[in-house]
Amino acid sequence: STTSSSTSSSISSSTSSSTSSSSIHHVDPVLTCLRGSIGVGGTGEALGESNFGSVGVPWSRLTSGKWYYEVEILTDDGVVQVGFADSFFLGDDTNGDGVGDDAHSWCYDGARGKAWHGGEHGHRDYGAQWKTGDVVGCLLDLSSGLVSFALNGKSLGVAFDSVATGKKRGVGVGRKVAYYPACSLELNQSVRMNVGQRPFKFLQATEEDGFKPVWDSRPKSDDEEGEEEEESELEEEEAAEEEVAPVKVAG
C-alpha cells in the first residue's frame, strides 16, 4: 500500500539473531526484532519483511504496576497482532506463530476482530476491525492480572484476566515474570509503536487510573538518575522550608 511504501523509506532491516547469523544493520532505540525479519525505524516504525516476524521492547521488563503504550496501524490489508509477551515468549516466524500464539503472549488482532492467547484454540471474538490510521491502546495491569485494549481512545474492555503476577510456576523456579510490549506482522504490514518516547494521543484517558507509559520503565543512564535525584532533593528542600516557615501573629 502507499502508506507502507512511504514508511519503509526510513526503515532499516533487522533480522532476529536466533533465525539468522547476519549482523543487525540497525538497532532502533525502542524496538528489537524478536523473530524473523522486521524493518525498524527511528521513531518506532516496524515493517514485516518475512512470513510473520515479531518485534518488541524487551528492555522494559515490567514486573508490577500498570502500563500503557500505543500502536498506530499503517497498513490494514494483512494480519497484525499487538499486545504483550513475557520473558519466555519464543514465536515461530516460519510457522506463522507470533504474539498471542503461545502461552507466553497475549494479543488483539484487529484484522480479524480476535483476542489471542495460547494458539489456534485460544482465541475469541474481541473488539472491532481496525483500519489504516487507527490507534490501538494496549494496557497491562499487573496488580490485577488484566490485559485490555482501546481503539482510538475507546475502551474495548478486558481481553484477558488471568495474566500471572509474581513468580511463574513451572518455568524457571523462583524467577519473576517480566512482561513487555510486542507485536507480530505479516509480510509488508506496518505499524508505528509508541511506548512514550513521544506524546501519546490517548493516554489522558488512562492516567487517572494509574497507568504509566512503558517508556518510564526504561533503564536510566547515570545522567538521568542524577537529574532525578537532584529533582527529588529539591522537592524535599522545598517541602522542609514550607514546614518551618514562620507563622505571623497579628498584634
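Residues 3 to 253 (the working numbering) are what the sequence shown spells out, left to right. Beta carbons: idealized from backbone N, C-alpha and C, even for Gly.
* To do: Report all residues from its chain with a CB closer than 7 Å to the CB of D136; omit the five preceding and five following residues, and keep chain order.
  => Locating residue 136 in the sequence shown gives position 134, where the first residue counts as 1. Only I75, L153 and N154 meet the Cβ criterion.
* Kindly indicate the opening and closing residues of the beta strand (DSSP E) around E47. => Along the sequence shown, one-based indexing puts residue 47 at 45. Taken as a continuous stretch (DSSP letters only), the beta strand (DSSP E) holding E47 covers E47 to G50.
* Alpha carbon to alpha carbon, how far is G58 from T134? -> Along the sequence shown, read from residue 1 onward, the residue named residue 58 stands at position 56. Along the sequence shown, read from residue 1 onward, the residue named residue 134 stands at position 132. Going from the Cα of G58 to the Cα of T134 covers about 21 Å.
* Proximal residues to D218 (C-beta, below 8 Å), its chain only, five neighbours per side dropped -> Against the sequence shown, residue 218 aligns to sequence position 216. Only G198 meet the Cβ criterion.
* **Span of the beta strand (DSSP E), counted from its first residue to its last, around G139** => The residue labelled residue 139 in the question sits at position 137 within the sequence shown. Residues V137 to D143.
* In terms of residues, what are the limits of the beta strand (DSSP E) holding S146? -> If you number the sequence shown from 1, residue 146 lands on position 144. No beta strand (DSSP E) holds S146; DSSP gives it neither H nor E.
* Asked: Alpha carbon to alpha carbon, what distance is there between A161 and A87?
  -> Residue numbering aside, residue 87 sits at position 85 when the sequence shown is read from its first letter. Residue numbering aside, residue 161 sits at position 159 when the sequence shown is read from its first letter. Each residue's Cα considered, the two are about 14 Å apart.
* **Coil, strand or helix - S25 by DSSP** => Locating residue 25 in the sequence shown gives position 23, counting from the first residue. For S25, the predicted model reports a pLDDT of 32, less than 50, meaning its position is unreliable; a value from the coordinates is still stated below. Here S25 sits in coil by DSSP.
* Mind the definition here: the stretch 62-72 touches the stretch 47-54 only if three or more C-beta pairs lie below 8 Å; say whether that holds. => no
* To do: Could you name the residues that DSSP lists as bridge partners for T34?
  => Residue mapping note: residue 34 aligns to position 32 of the sequence shown, counting from 1. In DSSP, T34 forms a bridge with G58.
* To do: In angstroms with no decimal places, state the Cα-to-Cα distance between Q83 and T167.
  => As a first step, residue 83 must be located in the sequence shown, where it is residue number 81. As a first step, residue 167 must be located in the sequence shown, where it is residue number 165. Straight-line Cα distance between these residues: approximately 23 Å.
* Going by the CB atoms, is the gap between W118 and D127 shorter than 8 Å? -> As a position in the sequence shown, residue 127 is number 125, starting the count at 1. As a position in the sequence shown, residue 118 is number 116, starting the count at 1. Contact flag unset, no.
* Could you please give the first and the last residue of the uninterrupted beta strand (DSSP E) stretch that includes Q83? => Within the sequence shown, residue 83 is the residue found at index 81, counting from 1. Q83 -> beta strand (DSSP E) spans V82 to D88.
* Go through its chain and collect everything with a Cβ distance to W132's Cβ below 6 Å, but skip five positions before and after it. => Here residue 132 refers to the residue found at position 130 when the sequence shown is read from its first residue. Only I75 and G112 meet the Cβ criterion.
* Report the rounded CA-to-CA distance for S62 versus G100, giving the unit in angstroms. => One-based indexing of the sequence shown puts residue 62 at position 60. One-based indexing of the sequence shown puts residue 100 at position 98. About 19 Å.
* Asked: By Cβ distance, which residues of its chain are closer than 8 Å to G98, with the 5 residues on each side in sequence left out?
  -> As a first step, residue 98 must be located in the sequence shown, where it is residue number 96. These residues qualify, in order along the chain: N53 and F54.
* To do: May I have the straight-line CA-CA distance separating R200 from V216, to the nearest angstrom?
  => What you label residue 200 is simply residue 198 of the sequence shown in a count that begins at 1. What you label residue 216 is simply residue 214 of the sequence shown in a count that begins at 1. Each residue's Cα considered, the two are about 11 Å apart.
* Roughly how many angstroms lie between the CA atoms of A180 and E209, to the nearest whole one? -> On the sequence shown, position 178 is the one that residue 180 refers to. On the sequence shown, position 207 is the one that residue 209 refers to. If you take the alpha carbons of A180 and E209, they lie about 22 Å apart.
* Rounded straight-line distance, which links the Cα of D79 to that of Q191 -> For the purposes of this step, residue 191 is taken as residue 189 along the sequence shown, with counting starting at 1. For the purposes of this step, residue 79 is taken as residue 77 along the sequence shown, with counting starting at 1. The straight-line gap from Cα to Cα measures roughly 8 Å.
* **Spatial distance of H123 from H106 (CA atoms)** => Against the sequence shown, residue 123 aligns to sequence position 121. Against the sequence shown, residue 106 aligns to sequence position 104. When rounded, the distance between both Cα atoms is 15 Å.
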